[in-house]
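Below you'll find the structure, written out as structure tokens, and then a few comments.
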Amino acid sequence: MSKAQYIIALDQGTTSTRCIIFNQKGEAVATSRREFAQHYPELGWVEHNPEDIWNDTVFTIRTAMSEAKLDSDPSSIAAIGITNQRETVVLWDKATGKPLYNAIVWQDRRTSAVCHKLKADGLEKTVHEKTGLLLDPYFSATKLAWLLDNVADARIAAQRGELAFGTIDSFLLWRLTGGKVHATDATNASRTLLFNIKTQSWDPELLKLFNIPEELLPEVKDNSTLFGTTDPNLFGTSIPIMGMAGDQQAALIGQACFTPGMTKATYGTGCFMLLNTGDQMVISKNRMLTTTAYRLNGKPTYALEGSIFVAGAAIKWLRDGLGIITHASQTHDMATQVSDNHQVYMVPAFVGLGAPHWAPDARAIISGLTLNATAAHLARAALESIAYQTNDLAEAMKKDSGNDILTTRVDGGMSANDWFCQFLASIMNITVERPSYIETTAMGAAYLAGMGSGIWNNLSDVAHHWRQGASFISHMKEPERNKKLKGWQFALKQALLQEE
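So this is what it looks like as structure tokens:
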């Protein structure tokens, strides 16, 4: 047995940074997590301080290593895998490594007008065919263009080759390697609107369209390969970084959804549902996204994806915005306190609506309130809204793929809520499978790094580690399901009226 038998998985999310250390059995042996500040400088703007993310990255890795008693023997760490919030962009100085501005987060809406204009100019078809994506401020390209046009002298410095652009994975890779490596992986590149997922390369026509200098861009690598090694001063030795993937693709891998037709839904800040389509790049006709699921040995596997911008963020709003809960887990008991939803619906369009609507200017609403409505009804409405949105994604995917979705694997923090999982199974009339270990995003990053370092040989090895923890089947009669879905559609239309 090789002495190097542990994998560090760094899961850099939208609201927190987490490090989990796994052994060669795929078991978590140590965890460290830190929340960081969210910045909202203007209406619809969302930013992060990249230095907060960097400091938390170093802190959580060191803390987890200490907890696992690996800080005195870092040579037992085989590799690091990185997974990250996607589409969030950073622009930094190559000489100093310092960001020129805050990271602009995937939820940010400041480039809505730019996207509307590009659509009006008839450019979405070209973009969609090349990238599998739609023209929406969610994606990276218009955010990057905004930075170049609004940060003093940024565009000039970019054209001189003095700056580097990256999504969070790329920025952390640069910092972890001491500024030696500027790279990303195929999944993160696929979310920028600049990467042609057919050719698996940066696209000159798209770069011209968004006015992005090619000198800014990182090298694009497979998901399981050597990205670089860490600066030895950080963790006591140079550790190979052997895996990297955007968080939703990492969760697909962590859920072992390797067979075409398999689906997973991850419930974090947002919800993201992916359907594995194998080597077939299915271009959606129902406002889904087509994306690179993973690329191994130069061969891409594709997926259809539906993106819900607000899932766990709605529960966070109940806690931080309304103060009706102190912990997310309370929503389970609150939902069971009421016999039905009292016809109260929440459409959590706090940052617009994602798939299949793509309505960046829609805003959140709560409908059906009466004097009999309680905090429990609001908590239940928030949970139900996420299930309704997931159902909307599944219906669109059925139309695109021509196949019914009978089973979905779920993960992320909200999947620990039994009431939510049961309602999801009932409203979608499917089987919902929850793994025994729900941190599958970090697990996927660990699997990629482990395959790169030889701890696991291939995807078949990885699939053997997946374990079902719970299963939920529908208990809802068809008339009740139809009534609830009709109420949801009515509320949804009210939210979408704000888009017009």
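Reading the sequence shown from the start, the letters are residues 124 to 623 in my numbering.
For glycine and all other residues, C-beta sits at the position ideal for the given N, C-alpha and C.
| Query | Result |
| --- | --- |
| Exposed unless 16 or more other CB atoms sit within 10 angstroms - verdict on S125 | For S125, the predicted model reports a pLDDT of 46, less than 50, meaning its position is unreliable; a value from the coordinates is still stated below. Per the 10 Å Cβ criterion, exposed. |
| Distance, A281 Cα to E338 Cα | 7 Å |
| Backbone CA spacing between D326 and T254 [nearest angstrom] | 9 Å |
| Residue from T400, A437 and Q512 with nearest C-alpha to N526 | T400 |
| Contact under 8 Å by Cβ, T138 with T180 | no |
| Secondary structure of C380, DSSP reduced to three states | coil |
| Burial state of H587 (16 or more Cβ within 10 Å) | exposed |
| C-alpha gap between A572 and M367, whole angstroms | 8 Å |
| DSSP three-state assignment for D134, whether helix, strand or coil | strand |
| Inter-stretch contact at 8 Å, needing at least 3 Cβ pairs: the stretch 338-353 / the stretch 288-297 | yes |
| Separation of N225 from N172, as counted between CA atoms | 5 Å |
| Limits of the unbroken beta strand (DSSP E) element including T415 | L412 to L419 |
| Helix, strand or coil at G391 [DSSP, three-state] | coil |
| Under 8 Å between C-beta atoms of G167 and R233 | yes |
| A309 vs D345 beta-carbon contact at 8 Å | yes |
| Beta-carbon proximity check, H450 vs A496, cutoff 8 Å | no |
| Continuous alpha helix (DSSP H) stretch holding P602: start and end | E601 to L619 |
| Close beta carbons around E518, own chain, < 6 Å, minus the five adjacent residues each side | none |
| Rounded C-alpha distance that separates A374 from A277 | 35 Å |
| Sub-8 Å separation of L258 and C238 beta-carbons | yes |
| Beta-carbon proximity check, I335 vs T415, cutoff 8 Å | no |
| Whole-angstrom distance between G567 and K522, CA atom to CA atom | 28 Å |
| N311 to N273 span [Cα, whole Å] | 24 Å |
| C-alpha distance - S524 paired with V405, whole-angstrom precision | 8 Å |
| First and last residue of the uninterrupted beta strand (DSSP E) at G220 | Run containing G220: none; DSSP gives neither H nor E here. |
| Coil, strand or helix - A162 by DSSP | The sequence given here has His at residue 162, not Ala. If DSSP states are grouped into helix, strand and coil, H162 belongs with the strands. |
| Buried or exposed by the 16-neighbour rule on C-beta atoms within 10 Å, applied to N356 | exposed |
| Simplified DSSP state of S198, which is helix, strand or coil | helix |
| Inside the stretch 293-336 only - beta strand (DSSP E) runs reaching at least 3 residues | 306-308 |
| Closest Cα partner of G435 within the set I205, F294, T531 and A505 | A505 |
| L501 versus S576: straight-line alpha-carbon distance, rounded | 48 Å |
| Own chain, CB closer than 8 Å to E285, minus 5 neighbours either side, in chain order | D216, K217 and A218 |
| Pick from F543, M469 and P479 that is closest to S508, judged by C-alpha positions | M469 |
| Endpoints, the alpha helix (DSSP H) within which G573 is located | T563 to S576 |
| Q378 versus I227 - alpha carbon distance | 29 Å |
| Euclidean distance between Cα positions of A485 and Y163 | 18 Å |
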